[in-house]
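J.:
Structure, rendered in structure tokens:
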């Protein structure tokens, strides 16, 4: 797979299929298997920038900014397939599914709409396995607004993504202590997800849109997301950002 055609979502799917534990933040994916750790950094456009692989014995391998066939090398790390180093091209496990194509198209359209209507929001691709969704930076460092199907109803999440899980949990609990105030300010019910066993914590509101398949509903779905971005942000601001 050529570097220019690979997506961050493809990397995540390969990692999950190969048994890696995945932790993702705005521009970094960390893959862990046993005591081996791969840290991957991306550009603002979610292109692979650089990566490092650390083995238990202290050995490291790196993929630099100017390394050729960067995606092929990363895939060989994730799958344990070293054919790329013998001059053979790594072949992806299969084409992107039709459903994944729908998600990709939906989020691409949504990000374009945000860029046109709210350029200060800076929507960019996210890291959901379900789709390369849309993320926006929060007002507090290490917080994100994440629009997603995960799967199920379309929803908007406030995600706490500090590298320290204790910080994320503390921010989550500080906001949950104001649950009543937040829901009154928002005019709706929110769901609280501690993400047990994960680094991040999330608070989200769900829509009534269950499926990506109804393309005729896409404009209405995007209307809902834009409106909820405004209302959810204002509600959090009203009760005090944790």
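Residue numbers (the UniProt record's numbering): 1 to 242. Note that CB positions come from ideal geometry on N, CA and C, so glycine has one too.
If you measure between the beta carbons of residue 75 and residue 46, is that distance less than 8 Å?
T.: Within the chain shown, the letter at position 75 stands for residue 75. Within the chain shown, the letter at position 46 stands for residue 46. No, the Cβ-Cβ distance between residue 75 and residue 46 is not below 8 Å.
J.: For the beta strand (DSSP E) that residue 245 lies in, which residues bound it at each end?
T.: Because the chain spans 1 through 242 in this model, residue 245 falls outside it and cannot be assessed.
J.: From the DSSP output, in three-state form, read off residue 237 for me.
T.: Residue mapping note: residue 237 aligns to position 237 of the chain shown, counting from 1. Residue 237 falls in the helix class under three-state DSSP.
J.: List the endpoints of the continuous beta strand (DSSP E) containing residue 30.
T.: For the purposes of this step, residue 30 is taken as residue 30 along the chain shown, with counting starting at 1. Element bounds for residue 30: 28-33.
J.: In three-state DSSP terms, what is residue 116?
T.: Along the chain shown, one-based indexing puts residue 116 at 116. Residue 116 falls in the helix class under three-state DSSP.
J.: Tell me whether residue 49 sits in a helix, a strand or coil according to DSSP, three-state version.
T.: Walking along the chain shown from the start, residue 49 turns up at place 49. In this structure, residue 49 counts as strand in the three-state DSSP scheme.
J.: Which one of 102, 58 and 143 has the shortest CA to CA distance from residue 216?
T.: Counting from one through the chain shown, the residue named residue 216 turns up at place 216. Minimum Cα distance to residue 216 is reached at 102.
J.: What does a CB cutoff of less than 7 Å around residue 165 pick up in its chain, not counting 5 residues either side in sequence?
T.: Numbered from its first residue, the chain shown carries residue 165 at position 165. Cβ within range, chain order: 199.
J.: Helix, strand or coil for residue 207 per DSSP?
T.: Reading the chain shown from its first residue, position 207 is the one you call residue 207. Coil.
J.: Spatial neighbours of residue 20 within its chain, please: C-beta separation below 7 Å, excluding the five flanking residues on both sides.
T.: To locate residue 20, count along the chain shown from 1; it is residue 20. Cβ within range, chain order: 31, 32, 33 and 78.
J.: Specify, as a first and last residue, the run of the alpha helix (DSSP H) that residue 74 falls within.
T.: In the chain shown, counting from the first residue as 1, residue 74 sits at position 74. Element bounds for residue 74: 70-79.
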